[in-house]
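Enquirer: Residue numbers (the numbering used here), protein chains in the order written: chain A, 1 to 369; chain B, 1001 to 1369; chain C, 2001 to 2369; chain D, 3001 to 3369.
No residue lacks a Cβ here, since even glycine has one placed at the ideal position from N, Cα and C.
What follows is a structure written as structure tokens; I'll ask about it next.
Protein chains: 4
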Amino acid sequence: MSQVKQSNIQVGELATGQALTIPLYDFIGSNASAPSVYIQANVHGAEVQGNAVIYQLMTLLEGYDVLGNIKLAPLANPLGINQKSGEFTLGRFDPITGVNWNREYFDHKVDLTAWYAKHQHLSNAALFDAYREMLVESCQARLTLPFGITTGHRLAVSLQSMAHQADIVLDLHTGPKSCKHLYCPEYDIDAARFFSIPYTLVIPNSFGGAMDEAAFCPWWQLTDFAAQQGRDFEVPVSAFTLELASQERIDLADALDDANGILAYLSHRGVVREKVEPANMARFGCYLKDYKKFHAPKAGLIEYCAAVGQPLIAGEPLVNILRMDLYGTDDAHQVISLPMDCVPILHFASASVHQGTELYKVMTNVFTL
Amino acid sequence: MSQVKQSNIQVGELATGQALTIPLYDFIGSNASAPSVYIQANVHGAEVQGNAVIYQLMTLLEGYDVLGNIKLAPLANPLGINQKSGEFTLGRFDPITGVNWNREYFDHKVDLTAWYAKHQHLSNAALFDAYREMLVESCQARLTLPFGITTGHRLAVSLQSMAHQADIVLDLHTGPKSCKHLYCPEYDIDAARFFSIPYTLVIPNSFGGAMDEAAFCPWWQLTDFAAQQGRDFEVPVSAFTLELASQERIDLADALDDANGILAYLSHRGVVREKVEPANMARFGCYLKDYKKFHAPKAGLIEYCAAVGQPLIAGEPLVNILRMDLYGTDDAHQVISLPMDCVPILHFASASVHQGTELYKVMTNVFTL
Amino acid sequence: MSQVKQSNIQVGELATGQALTIPLYDFIGSNASAPSVYIQANVHGAEVQGNAVIYQLMTLLEGYDVLGNIKLAPLANPLGINQKSGEFTLGRFDPITGVNWNREYFDHKVDLTAWYAKHQHLSNAALFDAYREMLVESCQARLTLPFGITTGHRLAVSLQSMAHQADIVLDLHTGPKSCKHLYCPEYDIDAARFFSIPYTLVIPNSFGGAMDEAAFCPWWQLTDFAAQQGRDFEVPVSAFTLELASQERIDLADALDDANGILAYLSHRGVVREKVEPANMARFGCYLKDYKKFHAPKAGLIEYCAAVGQPLIAGEPLVNILRMDLYGTDDAHQVISLPMDCVPILHFASASVHQGTELYKVMTNVFTL
Amino acid sequence: MSQVKQSNIQVGELATGQALTIPLYDFIGSNASAPSVYIQANVHGAEVQGNAVIYQLMTLLEGYDVLGNIKLAPLANPLGINQKSGEFTLGRFDPITGVNWNREYFDHKVDLTAWYAKHQHLSNAALFDAYREMLVESCQARLTLPFGITTGHRLAVSLQSMAHQADIVLDLHTGPKSCKHLYCPEYDIDAARFFSIPYTLVIPNSFGGAMDEAAFCPWWQLTDFAAQQGRDFEVPVSAFTLELASQERIDLADALDDANGILAYLSHRGVVREKVEPANMARFGCYLKDYKKFHAPKAGLIEYCAAVGQPLIAGEPLVNILRMDLYGTDDAHQVISLPMDCVPILHFASASVHQGTELYKVMTNVFTL
């Protein structure tokens, strides 16, 4: 039986002076050599289901023997979560600047030549400790820059600073209308077999601004650089983005499934003493280069025909586009299909779209994991 | 076989100078004494399904013998439909003023004592013609007021001007996450047995700003006034709001069901020559006074447990409220239920809410129609 | 020398669970028979200058002998103030429902016949105490209704509950781009000579949803009803809305002027012992029926030619409308003027407008107060 | 006397089916060897003053002998201009995706090694023609990609396609609350002496996503590459962003000043036959590395003390921050100043800010041009 400890972190301040705070929950592991874990949810304001998964995971963990430290940060973007616009949460980007909350993380751009030269004499463990300390300190330094940093970067760097202290980082998101899928870096593809997630997107080991990349990239770069110097070790940090179905949805039963999937991965990594088996299910992969965005070729009303998570044969209807201004012409009702087999992973949330709206993201060249 | 004629009406002008126009479709009836019809859809920007219903209804009507004139106005609020905010349509109110697009209609406040005195010598048919002409002219006069009128009122009065020319007015809406339901004035309750809609809200014969009320209220008032003078006739105009399930959804198959329901009502009223039977289904009613709004008693993440359109027994779970800031306390997870039997008709669209958000609307004291 | 005491009131809860609180400042008067005062600011989120006026007023009051209790509530709408949309504050209406934050107050609709019958035996002082108690209790009762109330109504009724406890209520607002003006009920027109505000709008003694009306209407109704029963007394409560120039503007020097104007009124009413003279300035009035809204007759780019607070002769340019889509035609550049003399009081904040946008509000038939 | 020809370009389609179009105005030059010009305005929806400058410039040009072709595109972002949020224009980013409209241009990433190898035999004139044709065709190709492109990229590439056909590209913007300033690439610094703009930001010759960079970067890269191959020519294309004071403001008189400044530059470049002298005024420069953003160190109400365009001595007040929740403490009113001399160029538009909001941009190390 393990116990959780609650605290808070302040990540900003609203115009009225109210602190923007995030609740933190810590399980203190009983084994200092077990990997440590950081899990956050709801950085995009409408993507709430990760909170329910954290809720179920904490409930489960209380019944397990927790070996590694686990820090959980639900409701990780209070400003984004509380920003409504009509009946929905406008939580994908900073309402002032438009910047995507998940593209605000800090790119360390470590000068590895210099850093490695100074630290290569260290043992692996000491090398990793020094590197980790450097990453955390770089984040802390940004929070006190004399001319300040943006609201979104302050939030991101505050979160990143916690993430850098862990060996395993899980960022819980959802798509708009989406099936479950995992963002997994190429070097860590084996991990994809533990989560309760059918589809995995295999991404390159490079930085695009998101939390998972912010967490693993510096470590992949260190590993790669050391290898070039003839010193081989596994990438010491694992980081994933879990897309847990659709936004604006809380489903406690489904959250329990995903909590069990996460637990299976943590068990595999030795974070809990007990053996937890992954769900017995088919799992598929797709490379990022084969992940296609389909944009509305014209404006109109959209009937989304293709179910997310279900294979779609080339030529089968993806969407119907209805154009009420063109009734009586051939363009009043148009069926759109794709020229290749695919698995639709997510689609847009609204049923009327401007030309160019991203209607669907589909996986092509899907393979079994 | 009937044919439809397309035209457009301009209802405003955007800052860049582009005209705000609405496509209009007219079936010209073959029998001048058959009732005329006005049907509009999508006055609230996210409530798109009514367009699909109009699409299916026009397709059906082409195969029928249309006796009365039918005017159809899909996409009836171009500004509201095109106003996105994040991935959803912010179409419920004017983004500048906040005024609900469906509360902008003109309240004629006819001085019936004066008007009736001047026109009481007329036959019923001539009386109705004169009254209708007065209503249309009042609308037209507003469009040319010297200091102008608001954007929303211009749109509403333009639509209202068309509606006043019809004997039957249908305003096609949807709820947020909703089952189908009908707003029906008390005096016209028999009509509710024709549409393919299981739940009917019986509303008083008074004006609250919406299209249906704007269309029937002046006529109910005339009828009521004449009755006081000892002259009895049926209310000459019928007007209903149809709530066709959820917003941000196009479903062509379901739209066909509702088109058939509308056709059954029009057939009953003699607008088409053919006999169209209403769907064989259970239909229920509820008085407006028994239609209850349940507001979030506290903030949090919401799991909507009660299915819309399904009876809910007193004490059964309505929602789960999850409070991630309170994990470890009794308030972390709270089940909310209602003290009386009800039928949940609609619920809020977002899964995280501030205190006071309208979570559910439920019918109580439901009776069989 | 007087001292202020700080506290907070909770008026709601955000989705993340954070309390919505308003800071309260209380000066405790030394004379129980002096009138009590309630002043709030910033109920509309972008209208911040009232906070600066409260700041300056509190600084001044510390140097005066305060006889009546004074409660000050700056930042009175934390949700509205913190809701940004782009670089501006979207603070005029609830972002979810569109309802104007200043139209959410409770209309008591007191059954005066019944209430007065029960309380007419009381002395004036006791009658007023009983009435006030009833008003406050009605507000408190709303906050605990079993099915809850909306977010905006909860805020409004919480504020109203404090306002009802005072004899003088000041609600500090601003216009969009505006000169200073005062909303003053007809029965209290003499008060307009004390504030540092040149233009006064004389409003009827009826309820339209705003705070000033919510505060004075029940008292005016009581006074009116008692007079009909042959019992005469002055309306016991005064309430005003002060429009302190433009939104999105803090000007501490100007705020001191308005703080002094408020102090002059409070001095006149005996709330402070010291005599404070009103500013020596011209003051003008206009009846609400002569306060005209001018809507954009067509869309386009707007140059606002008429300065707010400066008389404008009939026929002089009000705005230039530029239509870049019509360059080369007579409609490319159009000068708009009004057919009567007026004083422009405020104009719209944006320089490009849809047809129907409220461009200017102007006073006509202006008279010297 | 020159004449202008009007046309339109379609750049997208709204959900209701309405075309998004931009009005285009063309002066056909009388001398084929004179440089051609492309000028656009209002890509950010609230930045309207550039339209007035185009209006005044066209009026002026009608009285000049125009030698080079001039294409003018006012109202260049119809979707952004028409998107209001409250009383302001939410025009800085796509309301769906949050992407800044001025970061959507296409980065050609020309493979210069390959392209130059194939074309180096051409004369300069022929080389430039071939390069220009390749740029335009690349843009056109994007507009017909099989899976489509985003709404914002479609707009940007449509504009870019027109810009690439010109030798001189001017993109007319404004700041939020701003003095006039020019973005000028290092290689073209002499041009800054012609516009009626006091402050010039000297930017590197690299691509960051904006129109000016999209227009000049490929040409600077070609010039640089050719120089490395021993072939020297001037960068054939000039492109600038003009920031014409504040957003949400039309001022026709001020627009005439800026039209004259643009005319002086065009005259200098031989686009009009007549000699037009630049305004006699002081002009200053600053390198991008010395252009500093100052972020709100804490939240609160902001009085902007430093006037834009006026030198500010180190230590003088930049802003006052008022914290009404902290009245009675030292933090209630805080004066913020900078540690170095600077010229404030622009400040934020709202007077209440979250922590981290970009309050001011200031030029440091300012030099005389």
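Hey, would you say the C-beta of Asn1102(B) is under 6 Å away from at least one heavy atom of the ligand ZN?
Expert: This structure simply doesn't include the ligand ZN, nor any ligand for that matter.
Enquirer: Given a threshold of 16 other Cβ atoms within 10 Å of its Cβ, counted over all protein chains shown, does Asn2077(C) qualify as buried or as exposed?
Expert: The residue given as residue 2077(C) occupies position 77 in the third sequence. The residue is buried, with at least 16 neighbouring Cβ atoms inside 10 Å.
Enquirer: Determine the closest residue to Tyr38(A) out of Thr241(A), Ile336(A), Glu234(A), His44(A), with distance taken between C-alpha atoms.
Expert: Reading the first sequence from its first residue, position 38 is the one you call residue 38(A). Among Thr241(A), Ile336(A), Glu234(A), His44(A), the Cα nearest to that of Tyr38(A) is on Thr241(A).
Enquirer: Relative to the alpha-carbon of Gln1018(B), which residue among Tyr2291(C), Met2324(C), Val2335(C) has its alpha-carbon at the smallest distance?
Expert: Taking the first residue of the second sequence as 1, we reach residue 1018(B) at position 18. Closest by alpha carbon: Met2324(C).
Enquirer: Are the beta-carbon atoms of Val2308(C) and Ser2123(C) separated by less than 7 Å?
Expert: Mapped onto the third sequence, residue 2308(C) falls at position 308. Mapped onto the third sequence, residue 2123(C) falls at position 123. Cβ distance not < 7 Å, so Val2308(C) and Ser2123(C) don't count as in contact.
Enquirer: Label His3121(D) either buried or exposed according to how many other C-beta atoms from any shown protein chain fall within 10 Å of its C-beta, with 16 as the threshold for buried.
Expert: Counting from 1 along the fourth sequence, the entry for residue 3121(D) is found at position 121. Exposed, since its Cβ has fewer than 16 Cβ neighbours within 10 Å.
Enquirer: Cβ of Asn2102(C) less than 7 Å from any chain A Cβ?
Expert: Working through the third sequence from its first residue, we reach residue 2102(C) at position 102. No, Asn2102(C) does not count as interfacial toward chain A.
Enquirer: Could you list which residues in chain B have their beta carbon closer than 7 Å to that of Glu87(A), in chain order?
Expert: Translated into positions along the first sequence, residue 87(A) becomes position 87. Per Cβ cutoff of 7 Å: Pro1176, Phe1348, Ala1349, Ser1350.
Enquirer: Please list, in chain order, the chain C residues whose beta carbon lies closer than 7 Å to that of Ile81(A).
Expert: Taking the first sequence and counting its residues from 1, the one referred to as residue 81(A) is at position 81. Per Cβ cutoff of 7 Å: Ala2015, Thr2016.
Enquirer: My output table needs one value for Leu2067(C): the three-state DSSP class, helix, strand or coil.
Expert: The count along the third sequence starts at 1 and reaches residue 2067(C) at position 67. Coil, per DSSP.
Enquirer: Give the secondary structure of Gln1049(B) by DSSP, where H, G and I count as helix, E and B as strand, and everything else as coil.
Expert: Mapped onto the second sequence, residue 1049(B) falls at position 49. Correct three-state label for Gln1049(B): helix.
Enquirer: Spatial neighbours of Gly2080(C) within its chain, please: CB distance less than 6 Å, with the 5 preceding and 5 following residues excluded, ordered by chain position.
Expert: Within the third sequence, numbered from 1, the residue matching residue 2080(C) stands at position 80. Cβ neighbours of Gly2080(C) beyond the five flanking positions: Gly2045, Gly2091, Trp2101.
Enquirer: Considering only the beta carbon of each residue, do Ser1158(B) and Val1011(B) sit closer than 7 Å?
Expert: The sequence position of residue 1158(B) within the second sequence is 158, counting from 1. The sequence position of residue 1011(B) within the second sequence is 11, counting from 1. In contact: Ser1158(B) and Val1011(B) (Cβ atoms closer than 7 Å).
Enquirer: With a CB to CB cut of under 8 Å and the five nearest residues on each side skipped, what residues in its chain are close to Ile250(A)?
Expert: Your numbering for residue 250(A) matches position 250 in the first sequence. The answer, listed in chain order, is Val48, Gln49, Asn51, Ala52.
Enquirer: If you reduce the DSSP assignment to three classes, tell me which class Ile81(A) lands in.
Expert: As a position in the first sequence, residue 81(A) is number 81, starting the count at 1. If DSSP states are grouped into helix, strand and coil, Ile81(A) belongs with the helices.
Enquirer: Please confirm whether Leu2075(C) has its beta-carbon closer than 7 Å to some beta-carbon of chain A.
Expert: To locate residue 2075(C), count along the third sequence from 1; it is residue 75. True, the Cβ-Cβ gap to chain A drops below 7 Å.
Enquirer: Taking Ile2096(C) as the reference, which of Ala1349(B), Val1362(B), Thr1364(B), Leu1024(B) has the closest Cα?
Expert: Against the third sequence, residue 2096(C) aligns to sequence position 96. The residue with the shortest Cα to Cα distance from Ile2096(C) is Ala1349(B).
Enquirer: Could you tell me which chain D residues have their CB closer than 7 Å to the CB of Ile1096(B), listed as they occur along the chain?
Expert: Sequence index remark: in the second sequence, residue 1096(B) carries index 96 (1-based). Per Cβ cutoff of 7 Å: Lys3084, Gly3086, Glu3087.
Enquirer: Using a threshold of 7 Å, state whether the C-beta atoms of Ala3073(D) and Val3271(D) are closer than that.
Expert: In the fourth sequence, counting from the first residue as 1, residue 3073(D) sits at position 73. In the fourth sequence, counting from the first residue as 1, residue 3271(D) sits at position 271. For Ala3073(D) and Val3271(D), no; Cβs fall outside 7 Å.
Enquirer: Does DSSP put Lys2260(C) in a helix, in a strand, or in coil?
Expert: Position 260 of the third sequence holds residue 2260(C). According to the sequence as given, residue 2260(C) is Asn; it is not Lys. The answer is helix: DSSP assigns Asn2260(C) an H, G or I state.
Enquirer: Among the candidates Ser2267(C), Tyr2187(C), Gly2068(C), whose CA atom is the shortest distance from the CA of Ala2279(C)?
Expert: What you label residue 2279(C) is simply residue 279 of the third sequence in a count that begins at 1. Here the closest residue by C-alpha is Ser2267(C).
Enquirer: Using only the alpha-carbon positions, how far apart do Ala2299(C) and Gly2356(C) sit?
Expert: Residue 2299(C) sits at position 299 when you count from the first residue of the third sequence. Residue 2356(C) sits at position 356 when you count from the first residue of the third sequence. Distance between the alpha carbons of Ala2299(C) and Gly2356(C): 8 Å.
Enquirer: State the start and end residues of the unbroken beta strand (DSSP E) segment that holds Glu2316(C).
Expert: In the third sequence, residue 2316(C) corresponds to position 316, counting from 1. Note, Glu2316(C): premise wrong, no beta strand (DSSP E); not H, not E.
Enquirer: Go to Phe2128(C), then tell me how far its alpha helix (DSSP H) extends in each direction, as first and last residue.
Expert: As a position in the third sequence, residue 2128(C) is number 128, starting the count at 1. Here the alpha helix (DSSP H) through Phe2128(C) covers 2124-2142.
Enquirer: Can the beta-carbon of Ala1163(B) be found closer than 7 Å to that of Ala1215(B)?
Expert: Against the second sequence, residue 1163(B) aligns to sequence position 163. Against the second sequence, residue 1215(B) aligns to sequence position 215. Yes. Within cutoff.
Enquirer: Counting pairs of beta carbons, one from the region 3207-3221 of chain D and one from the region 3147-3155 of chain D, are three or more of them closer than 8 Å?
Expert: No, they do not touch.
Enquirer: Run through DSSP, which three-state label would Ala3239(D) get?
Expert: The sequence position of residue 3239(D) within the fourth sequence is 239, counting from 1. Here Ala3239(D) sits in strand by DSSP.
Enquirer: How would you write the range of the alpha helix (DSSP H) that Phe3225(D) sits in, first residue to last?
Expert: Taking the fourth sequence and counting its residues from 1, one reaches residue 3225(D) at position 225. 3211-3228 is the extent of the alpha helix (DSSP H) around Phe3225(D).
Enquirer: Is there a Cβ from chain D that is less than 7 Å from the Cβ of Ile2070(C)?
Expert: Within the third sequence, the letter at position 70 stands for residue 2070(C). For Ile2070(C), the answer is no, since every Cβ of chain D falls outside 7 Å of its Cβ.
Enquirer: Quick check: the region 223-236 of chain A against the region 23-32 of chain A, are at least 3 beta-carbon pairs closer than 8 Å?
Expert: Counting Cβ pairs under 8 Å, fewer than three are found: no touch.
Enquirer: Given a cut-off of 7 Å, decide if His354(A) and Leu3060(D) are closer than it, judged by their beta-carbon atoms.
Expert: Within the fourth sequence, residue 3060(D) is the residue found at index 60, counting from 1. Within the first sequence, residue 354(A) is the residue found at index 354, counting from 1. No; because the gap between Cβ atoms is not below 7 Å, this pair is not in contact.
Enquirer: Could you list which residues in chain A have their beta carbon closer than 7 Å to that of Pro2078(C), in chain order?
Expert: Taking the first residue of the third sequence as position 1, residue 2078(C) is located at position 78. Near Pro2078(C) (Cβ distances below 7 Å), the residues of chain A are Thr16, Gln18.
Enquirer: In terms of residue numbering, what span does the beta strand (DSSP E) encompassing Thr364(A) cover?
Expert: Counting from one through the first sequence, the residue named residue 364(A) turns up at place 364. Looking at the DSSP string, Thr364(A) is not in any beta strand (DSSP E), and its letter there is neither H nor E.
Enquirer: Step through the CB atoms of chain B and report whether any lies within less than 7 Å of the CB of Lys2109(C).
Expert: Start at 1 with the first residue of the third sequence, and residue 2109(C) comes out as number 109. Cβ-Cβ to chain B under 7 Å: no for Lys2109(C).
Enquirer: Taking all protein chains shown into account, decide if Thr1200(B) is buried (16 or more other Cβ within 10 angstroms of its Cβ) or exposed.
Expert: Locating residue 1200(B) in the second sequence gives position 200, where the first residue counts as 1. It is buried - the Cβ of Thr1200(B) has at least 16 other Cβ atoms within 10 Å.
Enquirer: From the DSSP secondary-structure annotation, give me the bridge partner or partners of Val3153(D).
Expert: What you label residue 3153(D) is simply residue 153 of the fourth sequence in a count that begins at 1. In the sequence as presented, Val is not what sits at residue 3153(D); that position holds His. DSSP, once it has assigned bridges, lists no residue as partnering His3153(D).
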